[in-house]
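Peer 1: For the sequence shown, the positions run 745 to 1015 when the working numbering is used.
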Amino acid sequence: MRATAVRLVQQALVAEGYPLGEVDGRLGPKTYGAATAALTKRSAELPADWNDWPNHRRCVAMLQLLCKQQEIAVGRIDGLWGPQTEYACDMLLYHREHGTLPPPFRDETPLDVNPNGWPRQSEAELIRHYGEIGKNQTMLSLPYPHRLSWDLRKTVQTFSCHEKVHDSALRVLTRVLAHYGPERIPALHLDRWGGCLNVRKMRGGTRWSMHSWGIAIDYDTEFNGYNWGRDRATLAGPEYDAWWRFWEEEGWVSLGRTRNFDWMHVQAAKL
Ligand SMILES: [Zn+2]
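Okay, here's the thing in structure tokens:
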């Protein structure tokens, strides 16, 4: 159980009048005792055997009930910390911070056009279209300066990309500049660049990453973690609709928009 989740439980227990002392995000005898007392009052909402559960599991169950109370879909109240509980916990945190649940996912369908004839994401097609990994590179002079997302003091004016994606990426970024302007771009982190050419294997895989050809670009990596979905990734927000439209109109693919992970990443290859 994460400290933030424990804190949510502790805050609720304090609000119900249990003397916990400090809300410190750490599980201990006081929290366990209060959670058990709070669950006893709610036993009608719990499976019959909840009394046999260890303390830790009771605290997770308490968190699940708090989510349920807020009408967050948390699934079965089983005291087990799985993906659905983790997701519900994030929703509950959001609710505590904003006083409301996040807006429902927008139902926009990513554009699927291919004016530049990008190949499919198979190694044979990629090599047929782009050649060998790491080859046929050119420098892209950026329409607006970028900064390294992991070191914002470092400005980037050019980066290496595949010569076949150069003109398209330049068109996209020129439109981004015209649309958002030099002030909103840094405010929205659209200048936080996480890399393009990088000859390496896909995460946890044996196939070459799209970065190996210099046909994928990452943005704002810090706020768009690889495994994050729409609920956390900033690039999923409505203020980025134009950003994605400019890429998609050139045929680029966002893994975030199509698969809801790796929102930092956009690539000139179809899935
Ligand atoms: Zn990437």
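Each residue gets a CB set at the ideal place from its N, CA and C atoms; glycine is no exception.
1. How do the region 991 to 1004 and the region 961 to 977 stand: do at least 3 beta-carbon pairs fall below 8 angstroms, yes or no?
2. On the DSSP letters alone, give me the boundaries of the alpha helix (DSSP H) that L999 sits inside.
3. For a test of your reading of the model: does the CB of A960 fall under 6 angstroms from any non-hydrogen atom of ligand 1? Yes or no.
4. Output the distance between the C-alpha atoms of S956 and D911, rounded to the nearest integer angstrom.
5. With hydrogens ignored, establish whether the beta-carbon of H890 is closer than 6 angstroms to any heavy atom of ligand 1.
6. Just verifying my parser: in three-state terms, what is the DSSP assignment at A817?
7. Taking 7 angstroms as the cut-off, decide whether the C-beta atoms of L934 and P887 are in contact.
8. If distances are taken between C-alpha atoms only, which option among L892, G826 and N860 comes closest to V909?
9. Within 10 angstroms of its Cβ, does V857 collect 16 or more other Cβ (buried), or is it exposed?
10. With distances taken between CB atoms, is the gap from L790 to I821 smaller than 7 angstroms?
11. Per DSSP, what kind of secondary structure is A868 in: helix, strand or coil?
12. Kindly give me the distance between the Cβ atoms of L764 and T775, rounded to whole angstroms, as I take these residues to be in contact under 8 angstroms.
13. Where does R891 sit, in a helix, a strand or coil, going by DSSP?
14. Please tell me whether, using a cut-off of 6 angstroms, the distance from the CB of H1009 to the nearest non-hydrogen atom of ligand 1 is below it.
15. Roughly how many angstroms separate the alpha carbons of L921 and L1015, rounded to a whole number?
16. Here's the rule I'm using: 16 or more other beta-carbon atoms within 10 Å means buried, otherwise exposed. How should H890 be labelled?
17. Within the same chain, show all residues whose beta-carbon is closer than 7 angstroms to that of G958, passing over the 5 residues directly before and after it, in chain order.
18. Note down, in chain order, each residue of its chain lying with its Cβ closer than 8 angstroms to the Cβ of L810, except the 5 sequence neighbours on either side.
19. Cα separation between R770 and Q813?
20. Just how far apart, CA to CA, sit V804 and L824?
21. Taking the C-alpha atoms as reference points, what is the distance between E966 and H842?
22. In its own chain, which residues sit with a C-beta less than 8 angstroms from the C-beta of W894, not counting the 5 before and 5 after it?
23. Leaving out five residues before and five after W991 in sequence, what residues of the same chain have Cβ atoms less than 6 angstroms from its Cβ?
24. From the DSSP output, which residues share a beta bridge with F903?
25. So, are the CB atoms of W952 and I877 less than 7 angstroms apart?
26. Please work out which residues of its chain come closer than 7 angstroms, Cβ to Cβ, to E760, disregarding the five sequence neighbours upstream and downstream, and give them in chain order.
Peer 2: Taking the geometry as given:
1. yes
2. Your numbering for residue 999 matches position 255 in the sequence shown. That run of the alpha helix (DSSP H) goes L999 to R1003.
3. Taking the first residue of the sequence shown as position 1, residue 960 is located at position 216. Yes, since a heavy atom of ligand 1 falls inside the 6 angstroms radius drawn around the Cβ of A960.
4. If you number the sequence shown from 1, residue 956 lands on position 212. If you number the sequence shown from 1, residue 911 lands on position 167. Spanning the two alpha carbons is a distance of roughly 19 angstroms.
5. One-based indexing of the sequence shown puts residue 890 at position 146. Answer for H890: no, Cβ out of range of ligand 1.
6. Stepping through the sequence shown from its first residue, residue 817 is reached at position 73. In this structure, A817 counts as coil in the three-state DSSP scheme.
7. Counting from 1 along the sequence shown, the entry for residue 934 is found at position 190. Counting from 1 along the sequence shown, the entry for residue 887 is found at position 143. No, the pair does not count as a contact, with Cβ atoms beyond the cut-off.
8. Here residue 909 corresponds to residue number 165 of the sequence shown, with the count starting at 1. Nearest of L892, G826 and N860 to V909, Cα basis: N860.
9. The sequence position of residue 857 within the sequence shown is 113, counting from 1. Answer is exposed; the Cβ neighbour count stays below 16.
10. One-based indexing of the sequence shown puts residue 790 at position 46. One-based indexing of the sequence shown puts residue 821 at position 77. Cβ atoms of L790 and I821: closer than 7 angstroms.
11. Along the sequence shown, one-based indexing puts residue 868 at 124. Here A868 sits in helix by DSSP.
12. As a working note, residue 764 is residue 20 in the sequence shown. As a working note, residue 775 is residue 31 in the sequence shown. Yes, L764 and T775 are in contact; Cβ-Cβ is about 6 angstroms, under 8 angstroms.
13. Along the sequence shown, one-based indexing puts residue 891 at 147. Here R891 sits in strand by DSSP.
14. Translated into positions along the sequence shown, residue 1009 becomes position 265. At least one heavy atom of ligand 1 is nearer than 6 angstroms to the Cβ of H1009, so yes.
15. Your numbering for residue 921 matches position 177 in the sequence shown. Your numbering for residue 1015 matches position 271 in the sequence shown. Each residue's alpha carbon lies about 28 angstroms from the other.
16. Indexing the sequence shown from 1 puts residue 890 at position 146. Flag for H890 reads buried.
17. Counted from its first residue, the sequence shown places residue 958 at position 214. Cβ within range, chain order: Q881, S904, C905, H906, C940 and L941.
18. Within the sequence shown, numbered from 1, the residue matching residue 810 stands at position 66. Cβ-Cβ distances below 8 angstroms link L810 to L752, V753, A756 and L836 in the same chain, with the five nearest sequence neighbours on each side left out; the list follows chain order.
19. As a position in the sequence shown, residue 770 is number 26, starting the count at 1. As a position in the sequence shown, residue 813 is number 69, starting the count at 1. Rounded to whole angstroms, R770 to Q813 spans 23 angstroms at the Cα level.
20. In the sequence shown, the residue the question calls residue 804 occupies position 60. In the sequence shown, the residue the question calls residue 824 occupies position 80. Each residue's Cα considered, the two are about 6 angstroms apart.
21. For this step, residue 966 is matched to residue 222 along the sequence shown. For this step, residue 842 is matched to residue 98 along the sequence shown. Each residue's Cα considered, the two are about 22 angstroms apart.
22. Taking the sequence shown and counting its residues from 1, the one referred to as residue 894 is at position 150. Same-chain partners within the cutoff: G938, T965 and E966.
23. Taking the sequence shown and counting its residues from 1, the one referred to as residue 991 is at position 247. Cβ neighbours of W991 beyond the five flanking positions: V916 and V1010.
24. Locating residue 903 in the sequence shown gives position 159, where the first residue counts as 1. In DSSP, F903 forms a bridge with L884.
25. Residue mapping note: residue 952 aligns to position 208 of the sequence shown, counting from 1. Residue mapping note: residue 877 aligns to position 133 of the sequence shown, counting from 1. Their beta carbons are under 7 angstroms apart, which means W952 touches I877 by this criterion.
26. For the purposes of this step, residue 760 is taken as residue 16 along the sequence shown, with counting starting at 1. For E760, where only same-chain residues beyond five positions count, the Cβ hits under 7 angstroms are A782.
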